[in-house]
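Report on one structure; see the data block that follows.
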Amino acid sequence: MRFTTLAAALAVTAALTTSHAGDASARVWEKTWTVGAKPVVHVNTNDGDVTVVRAGTGTVHTRIEYKVRVWGWHSEPREPLIELSQNGDDIKITGRERGSVVVFGGMTEEFTILVEVPESCDLELQTGDGSIEVRPGTGSLQARTGDGHITVAGHRGEAQLYTGDGGIDADDIDGSLSAITTDGRVRVSGRFDRLSLRTGDGSMTVSARRGSKLVEPWDVTSGDGSVTMRIPRDLAALLDASTHDGSLHVDLPVDVSGGMTHHTLRGELNGGKTPLRMRTGDGRLTLALSE
5 MRFTTLAAAL AVTAALTTSH AGDASARVWE KTWTVGAKPV VHVNTNDGDV TVVRAGTGTV
65 HTRIEYKVRV WGWHSEPREP LIELSQNGDD IKITGRERGS VVVFGGMTEE FTILVEVPES
125 CDLELQTGDG SIEVRPGTGS LQARTGDGHI TVAGHRGEAQ LYTGDGGIDA DDIDGSLSAI
185 TTDGRVRVSG RFDRLSLRTG DGSMTVSARR GSKLVEPWDV TSGDGSVTMR IPRDLAALLD
245 ASTHDGSLHV DLPVDVSGGM THHTLRGELN GGKTPLRMRT GDGRLTLALS E
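Under this note's numbering, residues 5 to 295 are what the sequence shown spells out, in order.
Pasting the structure below:
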């Protein structure tokens, strides 16, 4: 048994190669599809950054760059899993690392995925570890990263954003927004119909512009951090704001019917009946006008 174990170990060692620190290789995949007026694009990677930009109508194009860096004793890196497929107007783009055997040393693998889509396009984006950036466009957007920053600008439609560890910036949104991070700041602005924002640990800055309305209750919550919310003068809502350990500051030149203490505010704004809920466990809560 001892001889067999030693022989197996020697066989594995013989199959290993040696790389010096800094050795790296890169590969690139590109593909273009012809699509209809409003395609659906799915992007999935377990380690890498995803960027979506807008191009002309009628096509979807992707460029995937894969970099691997190894050093020390290791087997040859396994071929990454790449899937570039189309089913009608449904496009799937997958780039996933598959690892290798490392005895002494280390290895890093990373994808960079660029996708060019029409202005009107539904997007489902997911990365296990990396940032997500989406340029202005229209449609349904789902963006999820286990660890990384999410940046969205000029989106029209419904947007659902989630990061396990990182900040969220969503600017000039028009429609519905749900943004959740377990650890990071949140900064959003736009004209909102539906709004749900949560961070476990981080500050929140919200600017709801003219034309915003509460189609259903809004929720803005930080477990630990300051919350600043600016709203248009004519917004109708049933305010329900409180901070567990911090001060409450209200700068609104309109009457709020109801009660207010150092830590809580409850009452109607412009006769509104739909709740606007604001919470922070530890931090200052500020409510003011956006314009």
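Here a beta-carbon is modelled for each residue, glycine too, at the ideal position from N, C-alpha and C.
Sorted by chain position, which residues of the same chain lie with C-beta nearer than 6 Å to residue i's C-beta, five sequence neighbours on each side aside?
{"i": "A147", "result": "L129, I136, I154, L165"}
{"i": "T98", "result": "N48, E87"}
{"i": "W222", "result": "L199, L280"}
{"i": "S230", "result": "S207, G287, R288"}
{"i": "L218", "result": "A241, T278"}
Applying the 10 Å Cβ sphere with the 16-neighbour rule, what's the burial state of residue i?
{"i": "A59", "result": "exposed"}
{"i": "N50", "result": "buried"}
{"i": "S216", "result": "buried"}
{"i": "L85", "result": "exposed"}
{"i": "E220", "result": "exposed"}
{"i": "T36", "result": "exposed"}
Hey, out of the options, whose CA is closest to residue i's CA?
{"i": "L280", "options": "T247, A240, V254", "result": "A240"}
{"i": "K71", "options": "V64, E83, T63", "result": "E83"}
{"i": "V74", "options": "S124, H65, K96, A30", "result": "A30"}
{"i": "G134", "options": "S144, R100, L269, E123", "result": "R100"}
{"i": "S200", "options": "R214, T63, T185", "result": "T185"}
{"i": "V210", "options": "S193, G204, H159", "result": "S193"}
{"i": "R139", "options": "L243, T167, E114, I177", "result": "I177"}
{"i": "Q90", "options": "V44, T278, C125, L269", "result": "V44"}
{"i": "S207", "options": "R283, K35, W37", "result": "R283"}
{"i": "D180", "options": "G161, E34, A174", "result": "Correcting the residue identity first, residue 180 is Ser in this sequence and not Asp. Closest option to S180, Cα to Cα, is G161."}
{"i": "H248", "options": "H266, D175, L293, G158", "result": "H266"}
{"i": "V121", "options": "G132, S182, A163, H46", "result": "H46"}
Under 8 Å between the Cβ atoms of residue i and residue j?
{"i": "I117", "j": "G52", "result": "yes"}
{"i": "G141", "j": "G227", "result": "no"}
{"i": "T290", "j": "T232", "result": "yes"}
Under three-state DSSP, which class holds residue i?
{"i": "G60", "result": "coil"}
{"i": "P140", "result": "coil"}
{"i": "T265", "result": "coil"}
{"i": "L242", "result": "strand"}
{"i": "V192", "result": "strand"}
{"i": "D286", "result": "coil"}
{"i": "T38", "result": "strand"}
{"i": "N274", "result": "coil"}
{"i": "S294", "result": "coil"}
{"i": "E101", "result": "coil"}
{"i": "K217", "result": "coil"}
{"i": "E162", "result": "strand"}
Between residue i and the rest of its own chain, which residues show a CB-CB distance below 8 Å, the 5 nearest in sequence each way excluded?
{"i": "G275", "result": "A240"}
{"i": "G170", "result": "S135, T149, D151, G152, H153, I154, T185, D187, G188"}
Short of 7 Å in beta carbon distance, which residues of its chain neighbour residue i, apart from the five on each side in sequence? Order them along the chain.
{"i": "E114", "result": "D51, G52, K71"}
For residue i, would you say it is in contact with chain B, using Cβ-to-Cβ distances shorter than 8 Å as the test?
{"i": "T116", "result": "No chain B is part of this structure, which consists of one protein chain only."}
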